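Colleague: This is the structure I want to talk about, given as structure tokens.
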Amino acid sequence: MSMLELKDINLHFGSQPLLKDLSVKVPSGGRLLIEGESGTGKSTILRLILGLVRPDSGTVCIEGEVLNHRNVWAMRRKMAYVSQDMQLGRGRVEAFIREIFSFKQNQDLSYSREKAVELLEHFGLPESTLEADLENLSGGELQRVAIIITLLLQRKIYLLDEITSALDQNLKSLMVEHFTGLEHATLVVVSHDPLWHEQGFQTIKLSR
Amino acid sequence: MEAAPDIALVRLLLGFALLLIPLGLSLWLRLRIVTGMFVSVGRMTAQLFLVSILLIYLFEWDNPWINVGWVLLMVVFACGSAIMNSGLKFRHFFLPVFAAYLIGAGGVLIYFTGVIVNPDNLLTAQLLVVVGGMLLGNSLHSVIVGISHFFQALRKEKKRYHYLLALGAGQWEALYPFFRESLLAALRPFLANMATMGVVFLPGMMTGQILGGASPDTAIKYQIAIMLAIFTAVAASVSLSLFFTSRKGFDAYGVLKEELFRNDSRE
Chain D
1014 MSMLELKDIN LHFGSQPLLK DLSVKVPSGG RLLIEGESGT GKSTILRLIL GLVRPDSGTV
1074 CIEGEVLNHR NVWAMRRKMA YVSQDMQLGR GRVEAFIREI FSFKQNQDLS YSREKAVELL
1134 EHFGLPESTL EADLENLSGG ELQRVAIIIT LLLQRKIYLL DEITSALDQN LKSLMVEHFT
1194 GLEHATLVVV SHDPLWHEQG FQTIKLSR
Chain S
16 MEAAPDIALV RLLLGFALLL IPLGLSLWLR LRIVTGMFVS VGRMTAQLFL VSILLIYLFE
76 WDNPWINVGW VLLMVVFACG SAIMNSGLKF RHFFLPVFAA YLIGAGGVLI YFTGVIVNPD
136 NLLTAQLLVV VGGMLLGNSL HSVIVGISHF FQALRKEKKR YHYLLALGAG QWEALYPFFR
196 ESLLAALRPF LANMATMGVV FLPGMMTGQI LGGASPDTAI KYQIAIMLAI FTAVAASVSL
256 SLFFTSRKGF DAYGVLKEEL FRNDSRE
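Residue numbers (my numbering), protein chains in the order written: chain D, 1014 to 1221; chain S, 16 to 282.
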């Protein structure tokens, strides 16, 4: 059984077809890289998997179950999502993380400040970032905080949309190395970066 | 204390002479508000004269059913105005906002008249119509701010909302920060207004009562009570409006429905 499967997905954006007969299977622990020019629907695939966009036809299956309005809330519990242009919210970083851990779907998880600090330092951010205001973080800092949150949630599926776009070369390498090192995680990566390309992931290339 | 003298119509016309100053400024600075100014002043004058005629009859009849009907009509107008000014579609929002206003502002109005003022008959025109108008009128702007802030923020910060859903948030959990910020946006100006009342400006109800011959201590007590009532009505109406409208505003996947917004309302 695949961890993730898109079956015959068709989607229009206005009158223009965006995705046409797209089918792909990703096994548990598998890695999928989605490449293509801007506007070819790469990010839309991640939003389809999250149930934030619905296909005109075709199905999204997660662990063999077809995604629908009844199970979407529980399915999102299996995924973690980071995109290139995050809007995290307002308030202190740690308060925001605690709020995420307080969600009903996340209540079996416990927030560990030690683990958060460990990840912050691993990705080149000081412990004081936890006390910082989300609105005062730079694009690169915000992106790393979002990535750290997804890692703290320890999901089965990671949906990563251009997550290395605001990072320097060293941090990019560190990030790619960290995610590829997550043994049981299923990764779906949207990126133009050759670093991801070099990892030998299963790849789909979208075109207009 | 005696009531203030009436203003003769000729003297009221002299009041309109004051408009020569903004008119001159508008022409000199090319503000292009002359037409707008005449339309607004004309509407204000005509509407107030019509209301005064209506009030004369409402006071003369003083029928509880007519008074309640009049308040309901005011609620309908207030809802229409709130929705039209929020950039949202009337048909999706009228019933939830009407219900919110009716419960929120209507409940506070009954408490104000029945418990605080405690007259023999709480359905009199003097209380129900006048205080109802004051309550609805003063809470309208805040309700517009609350509703439009909520839906426009959800539209503008769609990625933030989607991110919360993607992190496992339930519908209410993902909406909660937007709900909180919208309620604060609606209430904050009101809090600032209350904090400066009596120092920076004398409020309308109090001024009106003093001009009408009431003693300042009665006027102040009414003013304090009405401010508490308006603040509570705003908090209740905005909360209930957001609560009721948020039930209709999203699909089963928790995604905001784009068809809620009028075409002239931009993202």
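Think of the CB as a built atom: it goes at the ideal place given N, C-alpha and C, for glycine as much as any other residue.
Quick caveat, the model's predicted, so the values are computed rather than measured.
With DSSP as the reference, please indicate the residues paired to D/E1257 in a beta bridge.
Modeller: Because chain D here runs from 1014 to 1221, residue 1257 of chain D falls outside it and cannot be looked at.
Colleague: Closer than 8 Å by C-beta to D/H1135: which residues in its own chain qualify, once you throw out the five before and the five after it? Chain order, please.
Modeller: Start at 1 with the first residue of the first sequence, and residue 1135 of chain D comes out as number 122. Closer than 8 Å at the Cβ level, and outside the excluded window around D/H1135, lie L1187 and H1191.
Colleague: Let's test the definition: count the other Cβ atoms within 10 Å of the Cβ of S/A181 and tell me whether it reaches 16, buried, or not, exposed.
Modeller: Working through the second sequence from its first residue, we reach residue 181 of chain S at position 166. By the 10 Å Cβ count, S/A181 comes out buried.
Colleague: Determine contact between the segment 157-174 of chain S and the segment 253-266 of chain S, defined as no fewer than three beta-carbon pairs at a distance below 8 Å.
Modeller: A contact exists between the segment 157-174 of chain S and the segment 253-266 of chain S.
Colleague: Report the partner residues of D/F1026 according to the DSSP bridge assignment.
Modeller: As a position in the first sequence, residue 1026 of chain D is number 13, starting the count at 1. Beta-bridge pairing links D/F1026 to D/Q1029.
Colleague: Just to confirm my understanding: we take D/G1102, look at its own chain, exclude 5 residues before and 5 after, and list those with CB closer than 7 Å. What are they?
Modeller: Walking along the first sequence from the start, residue 1102 of chain D turns up at place 89. Closer than 7 Å at the Cβ level, and outside the excluded window around D/G1102, lie F1109 and L1147.
Colleague: Name the DSSP beta bridge partners of D/A1093, please?
Modeller: As a first step, residue 1093 of chain D must be located in the first sequence, where it is residue number 80. Looking at the DSSP assignment, D/A1093 forms a beta bridge with D/Y1171.
Colleague: Closest by CA to S/V253, which one among S/L198, S/V123 and S/A61?
Modeller: Residue 253 of chain S sits at position 238 when you count from the first residue of the second sequence. Closest by alpha carbon: S/L198.
Colleague: Within its chain, find whatever has a CB closer than 7 Å to the CB of S/M220; leave out the 5 residues flanking it on each side and keep chain order.
Modeller: Start at 1 with the first residue of the second sequence, and residue 220 of chain S comes out as number 205. M149, Y237, Q238 and I241, listed in sequence order.
Colleague: What separation, rounded to the nearest whole angstrom, lies between the Cα atoms of S/W187 and S/L179?
Modeller: Within the second sequence, the letter at position 172 stands for residue 187 of chain S. Within the second sequence, the letter at position 164 stands for residue 179 of chain S. So the alpha carbons of these two residues sit roughly 11 Å apart.
Colleague: In the DSSP output, which residue or residues are listed as bridge partners for S/F276?
Modeller: Residue mapping note: residue 276 of chain S aligns to position 261 of the second sequence, counting from 1. DSSP output for S/F276 lists S/L103 as bridge partner(s).
Colleague: Helix or strand or just coil, what does DSSP make of D/V1189?
Modeller: Translated into the one-based positions of the first sequence, residue 1189 of chain D becomes position 176. D/V1189: helix per DSSP, three-state reduction.
Colleague: Can you tell me whether S/G264 is buried or exposed, with buried defined as 16 or more other CB within 10 angstroms of its CB?
Modeller: Your numbering for residue 264 of chain S matches position 249 in the second sequence. Label assigned to S/G264: buried.
Colleague: Is D/T1216 closer than 8 Å to D/L1046 when the C-beta atoms are compared?
Modeller: Start at 1 with the first residue of the first sequence, and residue 1046 of chain D comes out as number 33. Start at 1 with the first residue of the first sequence, and residue 1216 of chain D comes out as number 203. Yes, the pair counts as a contact, with Cβ atoms nearer than the cut-off.
Colleague: Return no unless some Cβ of chain S is closer than 8 Å to the Cβ of D/R1111.
Modeller: On the first sequence, residue 1111 of chain D is found 98 positions in, with the first residue counted as 1. No, D/R1111 lies away from the interface with chain S (no Cβ there is under 8 Å from its Cβ).
Colleague: When DSSP builds the beta bridges, which residues end up paired with D/L1122?
Modeller: Your numbering for residue 1122 of chain D matches position 109 in the first sequence. For D/L1122, which the question treats as bridged, DSSP gives no partner whatsoever.
Colleague: Under the DSSP definition of a beta bridge, which residues are partnered with D/C1074?
Modeller: Along the first sequence, one-based indexing puts residue 1074 of chain D at 61. D/C1074 is bridged to D/E1018 and D/V1079.
Colleague: What does DSSP give as the partner residues of D/L1035 in its beta bridges?
Modeller: Counting from one through the first sequence, the residue named residue 1035 of chain D turns up at place 22. D/I1022, per the DSSP bridge assignment.
Colleague: Within 8 Å (strictly less), CB to CB, does D/K1117 reach chain S?
Modeller: Here residue 1117 of chain D refers to the residue found at position 104 of the first sequence. So, interface residue.
Colleague: Just grab the DSSP bridge partners of D/R1105 for me.
Modeller: Here the question's residue 1105 of chain D lines up with position 92 in the first sequence. DSSP output for D/R1105 lists D/D1146 as bridge partner(s).
Colleague: Expressed to the nearest angstrom, what Euclidean distance is found between the alpha-carbon atoms of S/A61 and D/N1081?
Modeller: To locate residue 61 of chain S, count along the second sequence from 1; it is residue 46. To locate residue 1081 of chain D, count along the first sequence from 1; it is residue 68. For S/A61 and D/N1081, the distance between alpha carbons rounds to 56 Å.
Colleague: So, for D/A1093: in the same chain, excluding its five sequence neighbours on each side, which residues have a beta-carbon less than 6 Å away from its beta-carbon?
Modeller: Here the question's residue 1093 of chain D lines up with position 80 in the first sequence. So the list reads T1163, L1166, R1168 and Y1171, once near-sequence residues are dropped.
Colleague: From S/F286 to S/G30, what distance separates their C-alpha atoms?
Modeller: Outside the shown range of chain S (16 to 282) lies residue 286 of chain S, about which nothing can therefore be said.
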